[in-house]
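**Q** Residue numbers (the working numbering), protein chains in the order written: chain A, -4 to 122; chain B, -4 to 122.
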DNA sequence: ATAATATATGAACAGATATTCATATATTCA
DNA sequence: TGAATATATGAATATCTGTTCATATATTAT
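#1: Show which residues of chain B have a CB atom less than 7 Å away from the CB atom of residue 103 of chain A.
#2: Over the uninterrupted alpha helix (DSSP H) stretch that includes residue 96 of chain B, give me the two end residues.
#3: Got a sec, what are the start and stop residues for the alpha helix (DSSP H) residue 110 of chain B sits in?
#4: Using only the alpha-carbon positions, how far apart do residue 75 of chain A and residue 96 of chain B sit?
#5: Quick check on DSSP: helix, strand or coil for residue 103 of chain B?
#6: Would you say residue 91 of chain B faces chain A, with C-beta separation under 8 Å as the test?
#7: 8 Å is my cut-off, CB to CB: does residue 84 of chain A come that close to chain B?
#8: Which residues bound the alpha helix (DSSP H) around residue 35 of chain A?
#9: Measuring only between beta-carbons, confirm whether residue 100 of chain A sits less than 8 Å from chain B.
#10: Pick helix, strand or coil for residue 48 of chain B, following the three-state DSSP scheme.
#11: For residue 28 of chain B, I'd like the list of residues in its chain whose CB is within less than 6 Å of its CB, leaving aside the five on either flank, ordered along the chain.
#12: On a Cα-Cα basis, can you pick out the residue from B/120, B/23 and B/117 that is closest to residue 69 of chain A?
#13: State the start and end residues of the unbroken alpha helix (DSSP H) segment that holds residue 20 of chain A.
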């Protein structure tokens, strides 16, 4: 990878350095406004939790309200273990929460961001 | 997996069938409003495109406007090949578009859905 | 305390994914 | 046409991910 050098504007292509297509001004300016690596990591982890078909189906199921694990299992049609593993992923990403009632755990959408993201995803694919 | 049978309400837990925690009414009602497997697949594929740190950084770079590949490469700090592969993934997901100008390709965010999803993702992790 | 039910969890394996390397394609310039 | 630049692409590989299977934990009922 070439190093970014400064103050070497090329007469033929004023925005670029060394005619190499490196718009140093733009890159330097954007680099300051850029999200941090840490933020990018957490955002990607968040979307990773939404990147599996089973988890997406679980979340859309929960849009109608809270459900216990065995009902999710029934509705989504995967094994108890698989649902549980996926619910943990969703929980860790802050996408769902749960409460206990007797032997059952009732899962629900964590907040309205989640519903909106799902709605937007669905909208995006329908274009 | 137990089969869903109808009309067998259990006296002890009226919402459930066979005391097995299966809320058959709820499950049947939700099953009708459920997104299809196909929709779930496409939505998960969309979010999968957002589930990688490099791609997230590329997209946030592009929020400021279009950029050519070599500038993205410089800003994000990964190899030319890696950027190109990731741009293809983003393109296939409909998240970015591009136009050619001479030897360079200028990539940009495909539509406002994308910006909003990114903004919401960032918002969600900051809570 | 014991049994039954609901859910979680760890290990293992098959399949997916991101990067690298080498090379191909497309465009411009001389 | 040939050289240089910008980007794309295929193959290979190491890593990651989702499911299954077996088992553990937690709650309730007997």
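Ideal Cβ positions, reconstructed from N, Cα and C, are used throughout, including at glycine.
**A** In brief:
#1: Going along chain B, no residue has its Cβ under 7 Å from residue 103 of chain A, so there is no contact; the nearest lies around 13 Å.
#2: Unbroken run through residue 96 of chain B is the beta strand (DSSP E), 91 to 96; no alpha helix (DSSP H).
#3: 107 to 120
#4: 53 Å
#5: strand
#6: no
#7: no
#8: 32 to 44
#9: no
#10: helix
#11: none
#12: B/23
#13: 19 to 28
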